[in-house]
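Novice:
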Amino acid sequence: MNAPFDATAVLGRKALAHPAPDHQVAVIGLGYIGLPTAALLASYGWSVCGVDVSQRVVDTVNAGGVHIEERDLDTLVQQAIAAQTLVASCEVPTASFYMIAVPTPLGTGNTPDISFVEAAARAIAPKILPGACVIVESTSPVGTTERVAAIIAEARPDLVVPRDGGTEEADIALAYCPERVLPGRIVNELVHNDRVIGGVTPACAERAAVLYTSFVKGDCLYTTARVAETVKLVENSFRDVNIAFANELSMIADTIGVDVWDVIRLANRHPRVNILQPGPGVGGHCIAVDPWFLVAGAPQAARLVRTAREVNDHKAHYTEERIRALLSAAPEGKVALLGLAFKPDIDDFRESPALEIAEALARTHGERILVVEPFTEDLPTALAGTGASLATLDAGLRQAEIVVVLVDHTAFRHLSPQDLAGKLVFDTRGMLRR
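Residue 18 is where the sequence shown starts when you use our numbering, and the numbers rise one by one after that.
1) To the nearest angstrom, how far is the alpha carbon of residue 236 from that of residue 57?
2) Short of 6 Å in beta carbon distance, which residues of its chain neighbour residue 399, apart from the five on each side in sequence? Order them along the chain.
3) Starting from the Cα of residue 262, find the closest Cα among 212, 324, 340 and 413 and give me that residue.
4) Locate the alpha helix (DSSP H) running through residue 228, then write down its first and last residues.
5) With distances taken from CA atoms, which of 302, 182 and 446 is nearest residue 424?
6) Shortest alpha-carbon distance to residue 67 belongs to which of 115, 88, 92 and 86?
7) Going by DSSP in three states, residue 213 sits in which element: helix, strand or coil?
8) For residue 134 and residue 151, which I take to be in contact (beta-carbon distance under 8 Å), what is that distance rounded to the nearest angstrom?
9) Determine the direct distance from the alpha carbon of residue 248 to that of residue 110, and round the result to whole angstroms.
10) Using 10 angstroms around the beta-carbon of residue 174, count the other beta-carbons present and answer buried if the total reaches 16, otherwise exposed.
11) Go to residue 335, then tell me how far its beta strand (DSSP E) extends in each direction, as first and last residue.
12) Return yes when the Cβ of residue 224 is within less than 7 Å of the Cβ of residue 190, no when it is not.
13) One question on the structure: do residue 75 and residue 118 come within less than 7 Å of each other, judged by their Cβ atoms?
14) Could you tell me the alpha carbon to alpha carbon distance between residue 259 and residue 293, rounded to whole angstroms?
15) Check each candidate in 389, 71 and 416 and name the one with the smallest Cα separation from residue 407.
16) Pull up the DSSP beta-bridge partners for residue 115, would you.
17) Give the straight-line distance between the Cα atoms of residue 340 and residue 435, rounded to the nearest whole angstrom.
18) Counting pairs of beta carbons, one from the stretch 293 to 309 and one from the stretch 360 to 377, are three or more of them closer than 8 Å?
19) Threshold first: 3 residues or longer. Then list the beta strand (DSSP E) segments lying entirely within the stretch 227 to 300, N to C.
20) Considering only their Cβ atoms, is the gap separating residue 419 from residue 352 smaller than 7 Å?
21) Could you give the distance in angstroms between the alpha-carbon of residue 129 and the alpha-carbon of residue 120?
22) Specify the secondary structure class of residue 443 as computed by DSSP and reduced to three states.
23) Assuming residue 449 and residue 343 are in contact, meaning their beta carbons sit under 8 Å apart, how far apart are those beta carbons, in whole angstroms?
24) Given residue 245, which residues of its chain have a CB within under 6 Å of its CB, disregarding the five upstream and five downstream residues?
25) Flag this pair as touching only if the stretch 202 to 210 and the stretch 165 to 180 have three or more C-beta atom pairs under 8 Å; answer yes or no.
26) When the Cβ atoms of the stretch 69 to 89 are set against those of the stretch 36 to 53, are three or more pairs found closer than 8 Å?
27) Ignore the nearest five residues each way along the sequence and tell me which others in residue 278's own chain have a CB closer than 6 Å to its CB.
28) Going by the beta-carbon positions, is the gap between residue 162 and residue 131 smaller than 7 Å?
29) Thinking C-alpha only, which one of 198, 187 and 40 is nearest residue 54?
30) I need the straight-line Cα distance from residue 307 to residue 319, nearest angstrom please.
31) If you draw a straight line from the alpha carbon of residue 108 to that of residue 155, how long is it in whole angstroms?
32) With distances taken Cα to Cα, identify the nearest neighbour of residue 103 among 421, 51 and 122.
33) Return helix, strand or coil for residue 198, following the three-state DSSP convention.
34) Going along the chain, which unbroken runs of the beta strand (DSSP E) with 3 or more residues stay wholly within the stretch 53 to 80?
35) Quick one: using the 10 Å Cβ neighbour count with 16 as the cut-off for buried, is residue 439 buried or exposed?
36) Using the DSSP secondary-structure output, state which residues sit across from residue 422 in a beta bridge.
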């Protein structure tokens with residue numbers, strides 16, 4: 018990679034005497050975004066320290082291993098550790114760039130919980146040297162980057178921290194750059210997707226772009242931090258609203274007695290109609306969560322976004338009730354639930370409607386529940402002790418009288434009518450019609 022970037026050229030302040038940073042980049046949080054980003058940066062020649070609160074995660078990465086399933090990630094981490102461009106630690110080092118990639122879950126009442134981001138900012142603050150750049154990647158409610166700035170400013174009164182609309186020269190840079198990747202394709206999309214870089218000031222955006230332009234082949238688009246925060250929430254809310262229409266349409270179709278898959282197929286022949294495919298709900302840490310952040314910022318205005326979230330959450334309960342009706346129709350029979358992940362061909366169960374449905378059914382019909390999930394070797398903790406069991410596809414089909422497709426994993430797509438002959442079948446994904 019190129020020689021280290023001269024921060025003072027962008028920040029517009031005189032060079033200050035300070036020791037060299039331990040690493041060029043510190044990635045705070047080694048989860049589904051942080052670890053691939055850290056490994057990718059290391060593969061492009063940056064000296065990277067990945068920071069995580071879990072000693073187990075740190076030890077796994079330092080041994081050249083990975084704790085998450087993601088295509089090409091294991092090879093990338095192994096090569097970076099071998100090349101000594103990546104190291105993991107529980108301690109925050111001094112660095113030129115700090116990237117915050119920690120979780121932002123929902124709290125009580127679907128309110129955003131940014132406590133992990135705040136904790137990361139507090140951990141970074143004592144280590145920051147003049148010229149450093151702090152970038153928030155965690156999906157966050159609008160105003161989070163400003164909150165990070167306030168935390169750093171409070172902890173470090175010796176530093177001039179940039180402010181939105183401020184004109185004074187700053188000692189450090191602050192920016193927000195949301196990830197926009199697809200699980201299963203994270204490494205590829207980190208490189209090839211366009212990135213939105215929102216600076217607290219224009220100079221901050223330019224500083225952050227130094228990091229992203231070193232590996233991103235897509236366009237890097239500059240804006241403000243608040244706009245970038247909103248962009249991320251809008252992207253996932255758009256998808257949630259469109260999925261909600263498909264899910265609501267499937268419930269309408271059930272009520273009026275028509276085949277939703279035929280309706281969608283034929284309606285989509287209209288040149289300006291593109292209805293998505295329904296499912297048992299919406300999962301993942303993005304689409305199932307981020308719209309609530311937008312609602313939290315404008316609760317009276319975000320009526321459609323709120324309704325879409327409620328429709329998609331309700332679809333999981335609706336699906337559960339339909340499965341219960343099948344269990345009542347076959348009172349001695351077992352049900353094989355195909356899939357627990359929130360989408361096909363990944364091991365990510367976060368916010369998964371399939372897992373939510375399986376948990377609810379297992380609480381009342383434990384021993385009748387057979388879970389078929391090729392991306393796990395163990396029954397999830399929430400199902401432990403319920404009597405539900407993990408089964409192979411062959412064993413599930415052999416033992417069950419009811420088969421429910423909750424996730425259309427590739428491993429299930431070969432199923433034919435002969436494989437399901439004599440069974441009650443509920444296909445929430447339309448997989449068997451393809």
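Even for Gly, the Cβ is constructed at its ideal location relative to N, Cα and C.
Remember, predicted model here, so these are calculated numbers, not experimental data.
Specialist: On the basis of the data shown:
1) 18 Å
2) 376
3) 324
4) 219 to 229
5) 446
6) 115
7) strand
8) Rounded, the Cβ-Cβ distance is 11 Å, inconsistent with contact.
9) 31 Å
10) exposed
11) That residue, residue 335, is in no beta strand (DSSP E); its alpha helix (DSSP H) goes 320 to 346.
12) yes
13) no
14) 7 Å
15) 389
16) 43 and 151
17) 22 Å
18) yes
19) 237 to 241
20) yes
21) 11 Å
22) strand
23) The pair is not a contact, with the Cβ atoms about 16 Å apart (cut-off 8 Å).
24) 193, 213 and 215
25) no
26) yes
27) 447 and 450
28) no
29) 198
30) 13 Å
31) 19 Å
32) 51
33) coil
34) 65 to 68
35) exposed
36) 355 and 444
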